[in-house]
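Asks: Residue numbers (mature numbering (1 follows the signal peptide of the UniProt record, and there is no 0)): -26 to -1, 1 to 165. No residue lacks a Cβ here, since even glycine has one placed at the ideal position from N, Cα and C. Just so we're clear, the structure is a prediction, and the values are computed from it rather than from any experiment. First the structure, which I've put down as structure tokens, then a few questions once you've had a look.
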């Protein structure tokens, strides 16, 4: 897990289509052990003084067929994500937010108990537009979910790693523009 990176917890919620989630780690298992509860992010004095605040991720569930062929549960097992508002609209709502911190999400096939710990060690700055669309500028890995015909990747859960942008239209269509990097389809890791 990258300790100096910006993770996409709140973003991942949008990306997965649920509560925040992120990227992939190297721990796959067919074991059915229950995920540990993620601690509340600890802020150091420097982060707090610079305006960083906790941005915890919530557990989420996706029914069979929405992302994978089977039902999937995602729950943070490490969640040290913080956010900082970089710019606001005249009404005070956030226009641009940076996210950073360690985030590991356990993806579990709830039919079999097989799981995979997804490490979200990416860095992101997100532009929130007035029409409800978003543009993410990302360096590093994040966990992203795509529904059927809802983006430039096939239905599934993915680790996207590298340098890229991810644009969410007002309707939720996701457009991945990869500068350099890779995608890793995760449903097969827990299927």
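How about residue 140 and residue 150: are their beta carbons less than 8 Å apart?
Replies: Cβ atoms of residue 140 and residue 150: closer than 8 Å.
Asks: Helix, strand or coil: which one does DSSP assign to residue 70?
Replies: Three-state DSSP puts residue 70 in a strand.
Asks: Taking 8 Å as the threshold, find out whether the stretch 61 to 77 comes into contact with the stretch 91 to 107 through three or more Cβ pairs.
Replies: Touching, yes, given that three or more Cβ pairs across the two stretches are closer than 8 Å.
Asks: Evaluate contact between the stretch 89 to 97 and the stretch 111 to 123, counting only Cβ atoms and requiring at least three cross-stretch pairs below 8 Å.
Replies: The stretch 89 to 97, when compared against the stretch 111 to 123, does touch it at the 8 Å Cβ threshold.
Asks: Taking just the CA atoms, how far does residue 118 sit from residue 159?
Replies: The alpha-carbon atoms of residue 159 and residue 118 are separated by roughly 10 Å.
Asks: Measuring CB to CB, does residue 56 end up less than 8 Å from residue 33?
Replies: Taking 8 Å as the Cβ cut-off, residue 56 and residue 33 do not qualify as a contacting pair.
Asks: Which whole-angstrom value describes the C-beta separation of residue 52 and residue 76, a residue pair presumed to lie in contact below a C-beta threshold of 8 Å?
Replies: Between residue 76 and residue 52 the Cβ distance is about 5 Å, and since that is below 8 Å, they are a contact.
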